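So the sequences go chain by chain: A and B. Going left to right, the first sequence walks through residues 1 to 130 as my numbering numbers them. Going left to right, the second sequence walks through residues 1 to 130 as my numbering numbers them. All C-beta atoms in this analysis are idealised placements derived from N, C-alpha and C, irrespective of residue type, glycine included. Predicted model only: the values in this text are computed from it and were never measured. Inspection log for the structure reproduced underneath, given as structure tokens.
2 protein chains.
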Amino acid sequence: MQNNDLLAICHRYLDCLNRQDWDYLGKYVADNVSYNGQFIGFTGYLNARQNEFRAIPDLYFNVQLVMANESMVACRLNFNITPSHDFLGLPVHGKLISFSENVFYEFDNGKISKVWSVVDKAAIEVQLSQ
Amino acid sequence: MQNNDLLAICHRYLDCLNRQDWDYLGKYVADNVSYNGQFIGFTGYLNARQNEFRAIPDLYFNVQLVMANESMVACRLNFNITPSHDFLGLPVHGKLISFSENVFYEFDNGKISKVWSVVDKAAIEVQLSQ
Numbered sequence: 001m002q003n004n005d006l007l008a009i010c011h012r013y014l015d016c017l018n019r020q021d022w023d024y025l026g027k028y029v030a031d032n033v034s035y036n037g038q039f040i041g042f043t044g045y046l047n048a049r050q051n052e053f054r055a056i057p058d059l060y061f062n063v064q065l066v067m068a069n070e071s072m073v074a075c076r077l078n079f080n081i082t083p084s085h086d087f088l089g090l091p092v093h094g095k096l097i098s099f100s101e102n103v104f105y106e107f108d109n110g111k112i113s114k115v116w117s118v119v120d121k122a123a124i125e126v127q128l129s130q
Numbered sequence: 001m002q003n004n005d006l007l008a009i010c011h012r013y014l015d016c017l018n019r020q021d022w023d024y025l026g027k028y029v030a031d032n033v034s035y036n037g038q039f040i041g042f043t044g045y046l047n048a049r050q051n052e053f054r055a056i057p058d059l060y061f062n063v064q065l066v067m068a069n070e071s072m073v074a075c076r077l078n079f080n081i082t083p084s085h086d087f088l089g090l091p092v093h094g095k096l097i098s099f100s101e102n103v104f105y106e107f108d109n110g111k112i113s114k115v116w117s118v119v120d121k122a123a124i125e126v127q128l129s130q
């Protein structure tokens, strides 16, 4: 695929998440998707994203940086959110937190097949300690 | 710059770190470098990297994923290291830990001018709890 094709697909995938348009997630995510080297499959991936939106009513994926090659997209995503309860094991409980996620999406036949993500938990810890 | 030029520079930068070849770090890192949006400057960046190698005698940067466009490189780096004391505020104390860093390097005139990094602290916490 051309780099710009994957960039466009990735933007549509993130829009799909932001709209919680779950009927269309399968257009962007492969049946055999893995997350940080672990197979979770499409249903596991869908459930994880749906659970996040339930736990974080104002969840929104903001793209700070994005780049693509012929098989992969890398994004730096920024979040400004107020998780209702614990988040990543931290007692956030409705406080506004801001942090980033750096993530690689590997594509297979135009769908995300491997996700390699790191969330900046340390940045949240700093904000909760202030 | 061409994408392949930045890929090559990034590989040489990581080799330079792995060799602790501090006299050459200025070939790859700009005087006004920033880290996650904060100005630290070349001297601050050099000091931070030197302190890491002092605290982690077996520190080595392994590239799992790397991609470039005309102004930026994204890498997923893997580490298998034994920090002597605390690491990221965690009591590692000589235990072998494995984790990843997803990082974007923005280039200006062929040198790294902005670093956007997230280290997988949560993965380390899981290993320390086992």
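Item, Value
"Quick check on the burial criterion: 16 or more other C-beta atoms within 10 angstroms. Buried or exposed for A/R76?", "buried"
"Shorter than 7 Å from the beta carbon of B/A48 to some beta carbon of chain A?", "no"
"Can you list, in chain order, the residues of its chain whose CB lies under 7 Å from that of B/H93, leaving out five sequence neighbours each side?", "H85"
"How long is the line joining the alpha carbons of A/K121 and B/W116, rounded to whole angstroms?", "14 Å"
"Does DSSP put A/N80 in a helix, a strand or coil?", "strand"
"List the residues that DSSP assigns as beta-bridge partners of B/E101.", "B/L77, B/V119"
"At a CB distance below 7 Å, what residues from the segment 67-99 of chain A approach chain B? Give them in sequence order.", "M67, N69, M72, A74, R76, L88"
"Quick one: which chain A residues come within Cβ less than 9 Å of B/N102?", "A74, R76, E101, N102, V103, F104, W116, S117, V118"
"Grouping DSSP H, G and I as helix and E and B as strand, with all else coil, what is A/V92?", "coil"
"With distances taken from CA atoms, which of A/S34, A/F39, A/M67 is nearest A/L6?", "A/M67"
"Would you mind working out which of B/S113, B/N102, B/Y35 sits nearest B/F61, comparing C-alpha positions?", "B/N102"
"At what residues does the alpha helix (DSSP H) containing A/Y13 begin and finish?", "3-18"
"Would you verify that the beta carbon of B/L65 is, or is not, closer than 7 Å to some beta carbon of chain A?", "yes"
"Quick one: does B/A30 have its CB under 7 Å from some CB of chain A?", "no"
"Going by beta carbon distance, what residues of the same chain come within less than 6 Å of B/A123, once the five residues before and after it are set aside?", "F99"
"Output the distance between the C-alpha atoms of A/Y35 and A/Q50, rounded to the nearest integer angstrom.", "16 Å"
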